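> Residue numbers (the working numbering), protein chains in the order written: chain A, 1 to 332; chain B, 1001 to 1256; chain C, 2001 to 2324. One structure is given below, represented as C-alpha cells, and several questions about it will come after.
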Amino acid sequence: MTPIDAKSAPGPWSRMQEKSIEQLHIRLESIVVLLGLITLMTILSPYFFSISNFMNILLATSTIGVLAIAATFVLSSGGLDLSLGSVMGLSGVVGAAFAVNLGMPTPVAVIATVGAGALAGLVNGFVITRGFVPAFIVTLGMLGIARGLALVISDGRVIYGLPEWMLFIGQGRLFGIPMPVIIFIVVALIMHIVLAYTRYGRHTLSIGDNENAARTAGINVEFHRLTLYTLSGGLAGLAGLLFATRINSGDPTAGITYELTAITAAIIGGTNLFGGRGSILGTMIGALIMGVLQNGLNLLAVQSYYQQMAIGGVLVLAVFIDQYQQRQETKV
Amino acid sequence: MSLLRLTGIRKSFGAVSVLHGVDLNIDAGEVVGLIGDNGAGKSTLMKIVTGIYQTDEGSITLEGKSVLDLTPGERRSRGVEMIYQDLALAKQQDVASNIFLGREPVKNVLGVKIVDRARMKQEAQVMIDRLGAKLPSITRPVGSFSGGQQQSVAIARALTFDPKIVIMDEPTAALAVREVQSVLDLIKQLKSQGISVILISHRLNDVLAVTDRIVVLRQGTAAANLVTSQTTMSEIVSAIVGGGDVEKAAAHESRG
Amino acid sequence: MSKTLKYSTAGLATMAAVAMSVPAHAEEYAILMKTLANPFWGAMGKGVEEGARNAGVEYYLQAVESDQAAESQLNVCNTMLERKPVAMITAAINSTNLLPCLKKAQSQGIKVVDLDGNLDPDILAAEKIDITFSIGSDNVKAGAQGAEYMVSQLGADAQGAVLVIEGLSGNITGQKRANGFAEALKELAPGLEIVASLPGDWDRGKAANITNDILTRNPDLKGIFAANDGMALGAVESVFAAGKGDDVIIIGVDGNSDAVKSIKSGRLTASVAQLPYLVGKQALENVKMAVAGNDVEKQVIVPTLVLTQDVMEAGTEPMLEFVK
Chain A
1 MTPIDAKSAP GPWSRMQEKS IEQLHIRLES IVVLLGLITL MTILSPYFFS
51 ISNFMNILLA TSTIGVLAIA ATFVLSSGGL DLSLGSVMGL SGVVGAAFAV
101 NLGMPTPVAV IATVGAGALA GLVNGFVITR GFVPAFIVTL GMLGIARGLA
151 LVISDGRVIY GLPEWMLFIG QGRLFGIPMP VIIFIVVALI MHIVLAYTRY
201 GRHTLSIGDN ENAARTAGIN VEFHRLTLYT LSGGLAGLAG LLFATRINSG
251 DPTAGITYEL TAITAAIIGG TNLFGGRGSI LGTMIGALIM GVLQNGLNLL
301 AVQSYYQQMA IGGVLVLAVF IDQYQQRQET KV
Chain B
1001 MSLLRLTGIR KSFGAVSVLH GVDLNIDAGE VVGLIGDNGA GKSTLMKIVT
1051 GIYQTDEGSI TLEGKSVLDL TPGERRSRGV EMIYQDLALA KQQDVASNIF
1101 LGREPVKNVL GVKIVDRARM KQEAQVMIDR LGAKLPSITR PVGSFSGGQQ
1151 QSVAIARALT FDPKIVIMDE PTAALAVREV QSVLDLIKQL KSQGISVILI
1201 SHRLNDVLAV TDRIVVLRQG TAAANLVTSQ TTMSEIVSAI VGGGDVEKAA
1251 AHESRG
Chain C
2001 MSKTLKYSTA GLATMAAVAM SVPAHAEEYA ILMKTLANPF WGAMGKGVEE
2051 GARNAGVEYY LQAVESDQAA ESQLNVCNTM LERKPVAMIT AAINSTNLLP
2101 CLKKAQSQGI KVVDLDGNLD PDILAAEKID ITFSIGSDNV KAGAQGAEYM
2151 VSQLGADAQG AVLVIEGLSG NITGQKRANG FAEALKELAP GLEIVASLPG
2201 DWDRGKAANI TNDILTRNPD LKGIFAANDG MALGAVESVF AAGKGDDVII
2251 IGVDGNSDAV KSIKSGRLTA SVAQLPYLVG KQALENVKMA VAGNDVEKQV
2301 IVPTLVLTQD VMEAGTEPML EFVK
C-alpha cells in the first residue's frame, strides 16, 4: 500500500474509509471482513445462510455482545474491567435468588439483577478512583469476589424456576425475533448514540486519549470514571439477566472467561486497547465476526480447539491491520 | 498599561525553596520571554500564575485586581490561558473535538442533548482562519499532524477562550526548522490581536526573534529584565549562568 | 455506484444459489459431549462410533472447549439443530444450560436423549421436556461402591478422617456420587468421618491443592474419594508428594485410561469404572430402536465396576472388555 501523500487527492477506498468512520463510526475494514466471512461460510456450509441460523448467531452473540458494549466504554476511557464475566454470573444468581428464594415479583427481581451488577461496578469505580489502585488489580479482585459471592449465595447449585414474566425476557419472541436479540440491539443502539454523539461519550473518549488534557479542560475525570465502571457493571448485570432467563436459572458458573471474549470483540471492532477510540457499532461488528466464525465452524463440525485458534488469529490480525493503518496515516 | 503583575512571589516545597521573591510585570499586548536554566523556577512560577500552585507569599493581580483566591478554572475565565509542552491534545480526535474539549456545543434532538458537530466544525474553522494556520484536514485525528500543526491547534483552542494572556511552555522545542517559523508567526499574530504572551523557551534565538522583553530567572529570582531590541546574546547568557564561562556559553547559544 | 450495485447483486445471487442447494441427507444423529479432553468422553466417543456402525446410522459429534463452558455448549446445541437431526443426544454441562435447545428440539419432533444422566428429572418435568431415555451409570450406586471398597480395605470398625472431593458445583452427576459415597460410608463404617467435602470442579490441579490443604490439617488422613478420575489423580500426586502413598486409600470414578495406568503402577488405589464405551454404544443402539418406533426403557443403567490392581491382574472379570 503506497503512503497517502497530502498533495495528491485521496483515492476512492480512503474516501470510503473516512466516510465510514465519520458518519457510521465503523471501520470499513471490519464490515468487509464480516461480509467476507459470511460469504465464505455460505459457500462452505449449506446450513449457514438461513433465517433460523442467523437468528442463532444473533442469539448466541447477545450475551457477549452486551458485555462487549461495557468493555468498549471502559476501554475507551483508558480503563479495564476484568470482572465482567463474574459480575454477570453474580447478577444472574442474585436475580434468581430474589425471584425464587425470596419470592419477589418480576420487576423487583429484574431490577435486583441489573442493580447487583451496577453495585459491583460502583465498588470497582470507587476503589479505582478514590483508592488509586490500578483498574487491572481492582477488577481482577472483583472477578474473584463476585464469583465467590455467586457460589455462596447459590450454595454452588443452580437456582431454578424463574417466574413466567421474567422468562419472557430470555425466551419470548417479538415479531419472531428472540427477546434477548431485541434487547441487545436496542441497548447497542442507545449506547452507540451515547458514546458517539453525546458529551458523556466524547468525554469518555477524551479521558482515554489524554487524561491530562481532559482534566485541564475541566472534565471531572474521577467522577466520570466512577460512572463508567458503574455503567459497565450494570451492563454485566443485564447480560446476566439475559442468560439466566434463557436457561431459566441463576447459574453461579455463568460467564467464566467472558471478560476476555468481550474485550476481544471490542478490539476486533476497532476499540483502542489503550483508550481514546471506540465505537459501539464497531464492537457489534467485532462480536458478530466472532459469532459468525464460531457458528460457521460449528456447522462444519470443526473441533472447538481450532475455533479458539481461529478467534485468537482474528484478534491479532485485526490489531495488525489497525496498527498498519495508523502508521500509514502518520506518513502524511 | 500593566495586565499582569506579580510581586514578591515566594514558594517552597517542604525544605526546598524554589522561588525567593520574584517580581514580574506584563503589559497588554506584550510578548515576554521567560528564560532560565533548568531548576530556575520557570515552571513553578507559571503554575502559580495559573493557580495550580498557591504562592507562599506575594501578590498576583490581573488588570489591577487580585486573583490569589481564584481557582485555576476561574483564572482561566478571567483570561489566563496556558499551553502545556505536551499541548494537552487528544491525539485520536480531530481539530474541532480538541478545540471544544470539555465544552462541546450541544443541540436538542428529541429531548436528548446531542453534540453539535456542524457548529463545532464551523467555529473551529473560524478560529483556524483567524490564526492563519494551515492544517491538512479538519476531520483527521490531530495525532497525524506535524508538531507545528499540532501547536496551531493548541493555540487555536486557547483563542476560543478569548484570553488576555497566553503562556506557552517550550512551543518550539521539538519542532523541525521549517515549522519553528510558523509558530513564531502565530505568536506575532496573537500579539497583533492585543493578546499578551509569556514565552518559556530554551531556544534563545527564537526568544530574541519574537519577544519585546526578556525576563531571566536564576536560582529563584528575576536576575534580569532586558529589553529585547537593546540586549545581546552575551548579556542574556551571563544573566542565565551568572558568571562562569560566558563567552563559550554565548557562542554555543548563538549556534543553536 | 452502479458498479457496486452490480457486484453486490451478483454476490447475493451466488449466496442464495449455494444456500438453496442443500443436499437431501440421510437421517442423522446429533451427539453433543462436554469436552474431549477427558479420556472418559473419548472412550464414549469410540463406543458411539461402534454403536453407530452396528446400527448403520450417520451421526455428527461435537464438543466444547471445557466442561465449564455452559453457554458455549448451548450455542453449539442450537447450531447442531440446524442440520435437522432425528435425535439429539447430549451430555449437558449442568442441569439447566441446554434447556432452551432441548425444548426447541422437542418442538421439532427431534428425540432427546440424556447421555450420562446430567439432566435433573424434576427440572425436565417442570419444563415439560419429555426425554426419550436417559442412559448412564447409577451415580449414587457408584459412590456407594466406592465406600464399600474403602470399608473393605480399612475394616468396618475403622476410625479416622476421610476427604471427599466433589465435582463441578451444581452438577448433578457429581452430587449423586458424593452423596452416594457419604451415605454408604456412614452406614458401613461409622467410625470413618468425612472431615471435608469440597468441590474440585473436575479439575486435577484444584483437587491436588485441596488434598494438600486437608493433609496439612489431617496428617492421618485415611482415605480420599474423588467424584472423577481426573481429580483422584490430582489427589494422588499430592499424597505421594507428601510421602504418604502407602497410608492413604484413594478412589476415583470413571475408570478412564489414565486411572487404569495409575492403578496398574500402584499409585491410585481404585476407580469405580463407568463403562463409557458401553454407554456410548448402547445409547446409539437404543436411539435407533426408539427412532424406529419401538419402546425403550426410560432409564438405562449401565453397571459400574470397581477396578483395582487385583481385579486387573486376575483378568477374569467379564466387564473388563468394556474398559478402554
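Where is the CB? At the ideal position from N, CA and C, for every residue including glycine. Fair warning: this is a prediction, and the values are worked out from it, not measured in the lab.
I need the DSSP call for B:Asn1108, collapsed to helix, strand or coil.
Three-state result, B:Asn1108: strand.
> Which of the three DSSP states, helix, strand or coil, is assigned to C:Phe2225?
C:Phe2225 falls in the strand class under three-state DSSP.
> By the DSSP assignment, the alpha helix (DSSP H) with A:Tyr197 in it spans what residues?
179-197 is the span of the alpha helix (DSSP H), which, as asked, contains A:Tyr197.
> For C:Gly2191 and C:Ala2158, which I take to be in contact (beta-carbon distance under 8 Å), what is that distance rounded to the nearest angstrom?
Indeed, because the Cβ distance is near 6 Å, the residues count as touching under 8 Å.
> Shorter than 7 Å from the beta carbon of C:Ala2024 to some beta carbon of chain A?
Bear in mind that a pLDDT of 48 at C:Ala2024, under 50, signals an unreliable position, so the number given afterwards is only what the model happens to contain. No - not a single Cβ of chain A is within 7 Å of the one on C:Ala2024.
> Note down, in chain order, each residue of its chain lying with its Cβ closer than 6 Å to the Cβ of C:Val2151, except the 5 sequence neighbours on either side.
Same-chain partners within the cutoff: Leu2188, Ala2189.
> On a Cα-Cα basis, can you pick out the residue from A:Met55, A:Tyr197, A:Leu44, A:Val314 that is closest to A:Pro180?
It is A:Met55 whose Cα lies nearest to the Cα of A:Pro180.
> When you check each C-beta in the region 230-262 of chain A against every C-beta of chain C, which residues fall closer than 7 Å?
Answer set for the region 230-262 of chain A: Phe243, Arg246, Ile247, Asn248, Ser249, Asp251, Pro252, Thr253, Ala254, Ile256.
> Along the chain, where does the beta strand (DSSP E) containing C:Ile2194 start, and where does it finish?
Segment 2192-2199, the beta strand (DSSP E) holding C:Ile2194.
> Quick one, are the C-beta atoms of C:Phe2181 and C:Gly2230 less than 7 Å apart?
No. Outside cutoff.
> Would you mind stating whether A:Val108 and A:Gly250 have Cβ atoms separated by less than 7 Å?
Their beta carbons are not under 7 Å apart, which means A:Val108 does not touch A:Gly250 by this criterion.
> I need the straight-line Cα distance from B:Val1018 to B:Val1126, nearest angstrom please.
If you take the alpha carbons of B:Val1018 and B:Val1126, they lie about 41 Å apart.
> Thinking just about the alpha-carbon of each residue, which of B:Gln1150, B:Arg1103, B:Leu1159, B:Gln1193 is nearest to the one in B:Thr1172?
Closest option to B:Thr1172, Cα to Cα, is B:Gln1150.
> What does B:Ser1097 touch in chain A if you count any residue whose Cβ is under 8 Å from its own?
Simply Arg202, Ser206.
> Following the continuous beta strand (DSSP E) through B:Leu1006, name the residue where it begins and the one where it ends.
Where B:Leu1006 is concerned, the enclosing beta strand (DSSP E) stretches over 1002-1013.
> Find the residues of chain A that neighbour C:Ile2123, judging by a C-beta separation of less than 7 Å, and give them in chain order.
Correct list: Tyr160.
> By the criterion of Cβ-Cβ separation under 8 Å, what are the contact partners of B:Gly1102 in chain A?
Under the 8 Å cutoff, chain A gives His203, Ser206, Ala214, Ala217, Gly218, Ile219.
> Flag this pair as yes or no: are the beta carbons of A:Ala112 and A:Phe98 separated by less than 7 Å?
Their beta carbons are under 7 Å apart, which means A:Ala112 touches A:Phe98 by this criterion.
> According to DSSP, is B:Gln1092 helix, strand or coil?
It is coil, neither helix nor strand.
> For C:Tyr2059, name the three-state secondary structure that DSSP assigns.
C:Tyr2059: strand per DSSP, three-state reduction.
> Within 7 Å (strictly less), CB to CB, does A:Arg157 reach chain C?
Interface residue, yes.
> Tell me, to the nearest whole angstrom, how far the beta carbon of C:Thr2035 is from that of C:Glu2065; I am working on the premise that it is less than 8 Å.
The pair is a contact, with the Cβ atoms about 7 Å apart (cut-off 8 Å).
> Can you give me the C-alpha to C-alpha distance between A:Ala150 and A:Ala262, rounded to a whole angstrom?
When rounded, the distance between both Cα atoms is 20 Å.
> Rounded to whole angstroms, how far is the Cβ of C:Thr2304 from the Cβ of C:Gln2274, which I believe are closer than 8 Å?
5 Å between Cβ atoms; contact.
> Among C:Asn2294, C:Thr2316, C:Ile2263, C:Lys2288, which one has its Cα closest to the Cα of C:Glu2058?
Of the candidates C:Asn2294, C:Thr2316, C:Ile2263, C:Lys2288, the one whose C-alpha sits nearest the C-alpha of C:Glu2058 is C:Lys2288.
> Contact criterion: CB-CB distance below 7 Å. Does A:Asp322 meet it with respect to chain B?
No - not a single Cβ of chain B is within 7 Å of the one on A:Asp322.
> Can you pull the DSSP bridge partners for C:Asp2213?
C:Asp2213 is not bridged to any residue.
> What separation, rounded to the nearest whole angstrom, lies between the Cα atoms of A:Gly269 and C:Asp2254?
Near 44 Å, if we compare the C-alpha coordinates of C:Asp2254 and A:Gly269.
> Measuring CB to CB, does B:Lys1107 end up less than 7 Å from B:Ile1099?
Against a cut-off of 7 Å, the Cβ pair of B:Ile1099 and B:Lys1107 comes out as no contact.
> Drop a sphere of 10 angstroms on the beta-carbon of C:Lys2186, count the other beta-carbons inside from all chains shown, and report buried for 16 or more, exposed for fewer.
Looking at its Cβ environment, which holds fewer than 16 other Cβ atoms inside 10 Å, C:Lys2186 is exposed.
> Residue range of the alpha helix (DSSP H) that B:His1020 falls in?
First-last for B:His1020: 1016-1027, but that is the beta strand (DSSP E), not the alpha helix (DSSP H).
> Kindly indicate the opening and closing residues of the beta strand (DSSP E) around C:Thr2308.
It spans 2305-2308 - the beta strand (DSSP E) in which C:Thr2308 sits, taken as one unbroken run.
> Under the three-state reduction of DSSP, which class applies to B:Arg1213: helix, strand or coil?
Here B:Arg1213 sits in strand by DSSP.
> Are the CB atoms of B:Asp1023 and B:Ala1223 within a distance shorter than 7 Å?
In this structure, B:Asp1023 does not lie closer than 7 Å to B:Ala1223 by Cβ.
> Classify A:Phe223 as helix, strand or coil using the three-state DSSP reduction.
If DSSP states are grouped into helix, strand and coil, A:Phe223 belongs with the helices.
> Any beta-carbon of chain B closer than 7 Å to the one on A:Asn210?
Chain B contact via Cβ: present.
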